[in-house]
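K.L.:
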Amino acid sequence: MPLFLSTFVNKVDRKGRVSVPASFRAALANGEWPGVVLYRSPLLPAIIGADLAYMERHSAEVDEVASLSDPRQALSASILADSRQLAFDPEGRILLPADLLAHAGIDEHAAFVGRGKTFQIWQPAALEAFNAKAQALVQKNLAQNGGLA
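Numbered as in the numbering used here, the sequence shown ends at 149 without a single skipped number.
Structure below.
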């Protein structure tokens, strides 16, 4: 299973192509398919990326339960319907679909953010704003709780 770490900002060309960070491509190299799977984050102005095995686990959850009454089941079903399999070109780039670019507000640059089993792709300024809010929340919680437990 790949492990995605760190943050990288890469240029997006006029056609919507962007180079996937080398360490992310290396993490994906052991997978069964030479590319990534991307979908719109249901909660953030970002794109979520994963390997095919991660998506297969979502598929297994959807196949097990026929009812969408379970919120996790509904989320998995919507993620699968929105997902795109994108192959790497010879330079290690992917072509980001226009609707995914629009969802994340990405134009000239894309920030790839490792999140462990998955990664996110953000518009860099939006990522900075999100990280600043997250850091402020962490500091507030630490101050209220007297530090780390």
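We treat Cβ as the ideally placed atom computed from N, Cα and C, and that holds for glycine.
DSSP puts H109 in a beta bridge; with which residues?
P.N.:
Paired residues: K11.
K.L.:
Where L28 and M55 are concerned, what is the direct C-alpha to C-alpha distance, given to the nearest angstrom?
P.N.:
Near 13 Å, if we compare the C-alpha coordinates of M55 and L28.
K.L.:
Can a CB atom of chain D be found closer than 8 Å to the CB of V113?
P.N.:
In the structure shown, chain D does not exist; there is a single protein chain.
K.L.:
Beta carbon of L127, beta carbon of A111: below 8 Å?
P.N.:
Yes, these two residues count as a Cβ contact at 8 Å.
K.L.:
Taking P124 and V9 to be in contact with their CB atoms under 8 Å, please state how far apart those CB atoms are, rounded to whole angstroms.
P.N.:
Indeed they touch by this definition, with Cβ atoms about 5 Å apart.
K.L.:
Pull up the distance between the alpha-carbon of Y39 and that of S83, whole angstroms please.
P.N.:
Rounded to the nearest angstrom, the two C-alpha atoms are 5 Å apart.
K.L.:
D51: buried (16+ other C-beta within 10 angstroms of its C-beta) or exposed?
P.N.:
Classification of D51: buried, given that the 10 Å Cβ count is 16 or more.
K.L.:
Runs of 3 residues minimum, wholly inside the segment 79 to 135: which ones carry the beta strand (DSSP E) assignment?
P.N.:
Correct list: 84 to 87, 93 to 95, 109 to 114, 119 to 122.
K.L.:
Am I right that P34 and F88 are in contact with their C-beta atoms under 8 Å? What's the rounded C-beta distance?
P.N.:
The pair is a contact, with the Cβ atoms about 6 Å apart (cut-off 8 Å).
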